[in-house]
Structure formats: structure tokens, C-alpha cells
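First up is the structure itself, then whatever we jot down about it.
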Amino acid sequence: MKLNGTYHKLDKSQTLDEFLKTRGYNPAIVAVELNGQIISKGEYENTIVDDRAAIEVVRFVGGG
Numbered sequence: 006m007k008l009n010g011t012y013h014k015l016d017k018s019q020t021l022d023e024f025l026k027t028r029g030y031n032p033a034i035v036a037v038e039l040n041g042q043i044i045s046k047g048e049y050e051n052t053i054v055d056d057r058a059a060i061e062v063v064r065f066v067g068g069g
């Protein structure tokens with residue numbers, strides 16, 4: 006699977022929520038594109054990530 010342009014091995018399918026948490030992302034403060042589609046936060050627990058997935062994760066950062 007590909008995460009933010011880099012290939013990674015995914016040992017098993019898991020929900021998007023699990024996938025994000027195991028990689029240190031806080032699902033509440035990121036936006037996710039999965040295979041070219043934006044996934045709403047309400048769907049993170051119902052969306053399955055497998056070894057063919059292409060994911061882009063964007064973190065929101067405050068500043069001035």
C-alpha cells in the first residue's frame with residue numbers, strides 16, 4: 006500500500022481508524038484521501054484499508 010507517496014507493507018486489512026492510530030495519527034485532526042476519494046471522519050471506522058490502498062493524510066497545523 007502507499008501512504009503519502011511512500012510504499013509500505015500492510016500485513017492485514019484493517020479499518021481506516023485503526024490504520025491511522027497504529028501509525029501515530031489522531032483521526033480527529035487529519036483529513037484522509039483513500040484511492041482518490043476524501044473519506045469523511047464518520048466513515049473512518051467503517052472503511053477498510055487493504056494492501057492495494059493509496060492513502061494521503063493531511064494534518065492541520067495552526068500558526069501565524
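For the sequence shown, the residue numbers in the working numbering are 6 to 69. Just so you know, even glycine gets a beta-carbon here, dropped at the ideal spot from N, CA and C.
{"Check": "For Val37 and Ile60, believed in contact at Cβ under 8 Å, the rounded distance", "Outcome": "6 Å"}
{"Check": "For Thr27, three-class secondary structure by DSSP", "Outcome": "helix"}
{"Check": "Rounded separation between Gly29 and Gly41 - CA only", "Outcome": "22 Å"}
{"Check": "Whether Leu15 touches Tyr49 by CB criterion (9 Å)", "Outcome": "no"}
{"Check": "C-alpha gap between Asp13 and Val62, whole angstroms", "Outcome": "Looking at the sequence provided, one finds His at residue 13 rather than Asp. Going from the Cα of His13 to the Cα of Val62 covers about 14 Å."}
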